[in-house]
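Peer 1: In full-length UniProt numbering, the protein residues as written are 2 to 302.
No residue lacks a Cβ here, since even glycine has one placed at the ideal position from N, Cα and C.
Owing to the predicted nature of the structure, the values given are computational and were not obtained by experimental measurement.
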Ligand code: GDP
């Protein structure tokens with residue numbers, strides 16, 4: 002398993018193009034700092050955050066009398082590690098619990114919620130859990146069908162009702178099934194149609210309230226599924242969800258599809274909630290736990 006994770010992480014390499022900048026020369030000049038800031042901005046780190054980072058790294062470089070670009074890279078890694086480390090729960094293993102778990106996935110349609118639900122259930126199964134996939138996007142019949150297909154393929158139980166059913170009642174069914182001994186790790190796929198934003202948030206709020214009330218003593222998480230390709234715009238979506246719901250973390254999808262690796266840093270900085278997993282492909286095995294060190298190293302290599 003570790004070998005394949007390493008292979009997948011290879012897709013993360015040098016997403017900010019900083020290694021290329023570093024190889025250009027070793028003397029620290031004004032243009033070096035400008036280019037570094039430019040790369041960070043292009044890499045979706047965000048304008049203000051990029052400026053802050055460069056300023057902080059530059060200050061430290063002066064203080065520590067550093068003269069080569071190679072050393073600057075190490076300082077940048079340190080600064081980023083510190084910043085990400087400050088977000089509580091970052092890098093925590095959600096599967097390392099003896100308790101029953103409920104994970105509600107929320108996010109805009111197309112971000113990869115359904116696929117991620119299947120991936121997460123598969124990871125849980127691999128860790129000896131008994132996952133249940135919960136089809137609480139009752140608005141789109143296709144979403145339920147997609148989840149059922151994943152369930153068959155991965156041999157994982159799926160709880161669903163007919164289209165148009167109350168999503169909270171599907172979750173309720175799944176909790177009853179778990180309570181009756183049918184499973185211990187619930188992954189809930191929810192609706193994500195944004196053209197009816199208020200209704201959607203009300204519906205999700207209700208699903209979460211019902212689910213939390215019915216699961217005393219369980220581990221509970223509401224994770225926002227965010228598409229890395231949407232970059233800074235995706236962060237605006239994230240704010241909308243974050244204002245309406247108590248998000249406990251983020252899963253970043255399609256990280257394999259973007260050259261802009263800095264979105265990871267922007268999420269941690271702006272949302273101040275942990276990133277738990279990163280999606281690196283369309284297959285059910287393409288989800289890796291987020292590890293600060295591995296990602297920072299890969300990003301700058
Ligand atoms: P939903 O509408 O949010 O449930 O999104 P889906 O799960 O249906 O995913 C939308 C598309 O994104 C599908 O074609 C998935 O295969 C694809 N997808 C999901 N996660 C990833 C990922 O991490 N990487 C890549 N490359 N594609 C992904």
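#1: Near residue 258, what residues of its chain come up, given a Cβ to Cβ distance below 6 Å and the 5 sequence neighbours on each side ignored?
#2: With residue 243 as the anchor, note down where its alpha helix (DSSP H) starts and where it stops.
#3: What span of residues does the beta strand (DSSP E) with residue 102 cover, start to end?
#4: On a CA-only basis, which of 175, 179, 242 and 80 is nearest residue 205? Give me that one, please.
#5: Anyone know if the C-beta pair for residue 152 and residue 158 falls short of 8 Å?
#6: Starting from the C-beta of residue 40, find all residues in its chain whose C-beta is less than 8 Å away, skip the five residues before and the five after it, and write them out in chain order.
#7: Touch check for the stretch 72-88 and the stretch 290-300: three-plus C-beta pairs under 8 Å?
#8: Regarding residue 9 and ligand 1, is the C-beta to nearest heavy atom distance less than 7 Å?
#9: So, residue 124 versus residue 96, is the Cβ gap smaller than 8 Å?
#10: Count Cβ pairs between the stretch 100-112 and the stretch 81-88 that sit closer than 8 Å; are there 3 or more?
#11: Quick one: does the C-beta of residue 287 sit closer than 7 Å to a heavy atom of ligand 1?
#12: Just the Cα atoms here: how many angstroms apart are residue 179 and residue 185?
#13: Could you check which residue in 91, 237 and 53 has the C-alpha nearest to that of residue 250?
#14: According to the Cβ coordinates, are residue 223 and residue 107 closer than 8 Å?
#15: For the stretch 141-207, which segments carrying the beta strand (DSSP E) assignment without a break, of at least 3 residues, lie completely within its bounds, in sequence order?
#16: If you measure from the CB of residue 144, is any heavy atom of ligand 1 nearer than 7 Å?
#17: Three-state secondary structure (DSSP) at residue 228?
#18: Looking at chain B, is there any beta carbon in it that lies within less than 8 Å of the beta carbon of residue 142?
Peer 2: In short, the structure shows the following:
#1: The residue you call residue 258 lines up with position 257 of the chain shown. The residues are 230.
#2: As a position in the chain shown, residue 243 is number 242, starting the count at 1. For residue 243, the uninterrupted alpha helix (DSSP H) run begins and ends at 232-245, by DSSP.
#3: In the chain shown, residue 102 corresponds to position 101, counting from 1. Looking at the DSSP string, the run of the beta strand (DSSP E) that includes residue 102 is 102-107.
#4: Here residue 205 corresponds to residue number 204 of the chain shown, with the count starting at 1. Ranked by how close their Cα comes to the Cα of residue 205, the residues 175, 179, 242 and 80 have 242 in first place.
#5: Numbered from its first residue, the chain shown carries residue 152 at position 151. Numbered from its first residue, the chain shown carries residue 158 at position 157. In this structure, residue 158 lies closer than 8 Å to residue 152 by Cβ.
#6: Reading the chain shown from its first residue, position 39 is the one you call residue 40. The answer, listed in chain order, is 17, 18, 19 and 22.
#7: The stretch 72-88 vs the stretch 290-300: in contact.
#8: What you label residue 9 is simply residue 8 of the chain shown in a count that begins at 1. Checking every heavy atom of ligand 1 against the Cβ of residue 9, none is found closer than 7 Å.
#9: Translated into the one-based positions of the chain shown, residue 124 becomes position 123. Translated into the one-based positions of the chain shown, residue 96 becomes position 95. Between residue 124 and residue 96, the CB-CB gap stays under 8 Å.
#10: Counting Cβ pairs under 8 Å, fewer than three are found: no touch.
#11: In the chain shown, the residue the question calls residue 287 occupies position 286. Checking the 7 Å criterion, the Cβ of residue 287 is within range of a heavy atom belonging to ligand 1.
#12: Within the chain shown, numbered from 1, the residue matching residue 179 stands at position 178. Within the chain shown, numbered from 1, the residue matching residue 185 stands at position 184. Answer to the nearest angstrom: the Cα atoms are 6 Å apart.
#13: Indexing the chain shown from 1 puts residue 250 at position 249. Cα-wise, what sits closest to residue 250 is 91.
#14: The count along the chain shown starts at 1 and reaches residue 223 at position 222. The count along the chain shown starts at 1 and reaches residue 107 at position 106. Between residue 223 and residue 107, the C-beta gap is smaller than 8 Å, which places the two residues in contact.
#15: Segments of the beta strand (DSSP E) lying fully in the stretch 141-207: 158-160 and 186-191.
#16: By 1-based counting over the chain shown, the position of residue 144 is 143. Correct: residue 144 has its Cβ closer than 7 Å to ligand 1.
#17: Reading the chain shown from its first residue, position 227 is the one you call residue 228. Here residue 228 sits in strand by DSSP.
#18: No chain B is present in this structure, which holds just one protein chain.
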